[in-house]
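To keep things clear, I will list the structure first and then write my remarks on it.
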Amino acid sequence: MGNLGERIKGKAEEVYGDAKERLGDALDNEQMQAEGRATELKGEARQEAAKAAERLGGMADEAKGNLKQVAGDLLNNEQMQAEGVAEELKGEARRKANQ
Numbered sequence: 001m002g003n004l005g006e007r008i009k010g011k012a013e014e015v016y017g018d019a020k021e022r023l024g025d026a027l028d029n030e031q032m033q034a035e036g037r038a039t040e041l042k043g044e045a046r047q048e049a050a051k052a053a054e055r056l057g058g059m060a061d062e063a064k065g066n067l068k069q070v071a072g073d074l075l076n077n078e079q080m081q082a083e084g085v086a087e088e089l090k091g092e093a094r095r096k097a098n099q
């Protein structure tokens, strides 16, 4: 499953864990509270890992785009320069969307 899927699974775990923790609070069940909190934290960690992978992918796209832009400059190839700029911007957007 891709990073979006991992983020969704993480959010589901987070919500489930929060609900279980609250139910444990209501029932004064410390074990349920602890299990719920652990599940919630696991979900948050899964989401952060998926976002980190996307940020890394965005940084790779930025670097690749920058290299393509420089190559286009050296070869005096405007299309390659433009493609490099576009790829660099795509990577920047991907990285920023996953802060």
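So the sequence shown is numbered by UniProt numbering: it starts at 1 and just counts up by one. Even for Gly, the Cβ is constructed at its ideal location relative to N, Cα and C.
Inset, instruction - Identify, in the order they occur along the chain, each residue of the same chain with its Cβ nearer than 8 Å to the Cβ of residue 126, setting aside the five sequence neighbours on each side. - result: The structure shown does not extend to residue 126, since the chain is modelled only from 1 to 99, so the question has no answer here.
Inset, instruction - Check whether the Cβ atoms of G58 and G91 sit closer than 7 Å, and answer yes or no. - result: Locating residue 58 in the sequence shown gives position 58, where the first residue counts as 1. Locating residue 91 in the sequence shown gives position 91, where the first residue counts as 1. A contact, by the Cβ cut-off of 7 Å.
Legend entry - Cutoff 8 Å; reference E54; Cβ partners in own chain excluding five residues on either side: The residue you call residue 54 lines up with position 54 of the sequence shown. The answer, listed in chain order, is N3, R94, R95, A97 and N98.
Inset, instruction - Taking only the alpha-carbon atoms, compute the straight-line gap between K51 and G36 and give it to the nearest angstrom. - result: Counted from its first residue, the sequence shown places residue 51 at position 51. Counted from its first residue, the sequence shown places residue 36 at position 36. Between the alpha carbons of K51 and G36 lies a distance of about 23 Å.
Legend entry - Inter-residue spacing [alpha-carbon to alpha-carbon] between D28 and E14: On the sequence shown, residue 28 is found 28 positions in, with the first residue counted as 1. On the sequence shown, residue 14 is found 14 positions in, with the first residue counted as 1. Going from the Cα of D28 to the Cα of E14 covers about 20 Å.
Inset, instruction - Could you check the C-alpha separation between E44 and K11 for me, to the nearest Å? - result: For this step, residue 44 is matched to residue 44 along the sequence shown. For this step, residue 11 is matched to residue 11 along the sequence shown. Spanning the two alpha carbons is a distance of roughly 7 Å.
Inset, instruction - Quick one: which unbroken alpha helix (DSSP H) runs of 4-plus residues sit fully inside the stretch 19-65? Chain order, please. - result: none
Legend entry - Assigned secondary structure, N3 (DSSP; H/G/I helix, E/B strand, else coil): The residue labelled residue 3 in the question sits at position 3 within the sequence shown. In the three-state reduction of the DSSP assignment, N3 falls in the helix class.
Inset, instruction - Enumerate in chain order the residues of its own chain whose CB-to-CB distance from R88 is below 7 Å, with the five nearest sequence positions on each side excluded. - result: Within the sequence shown, the letter at position 88 stands for residue 88. The residue you asked about is not Arg; residue 88 is Glu in the sequence shown. Around E88, the same chain offers E62, G65, N66 and Q69 as residues with beta carbons nearer than 7 Å, after the five sequence neighbours per side are excluded.
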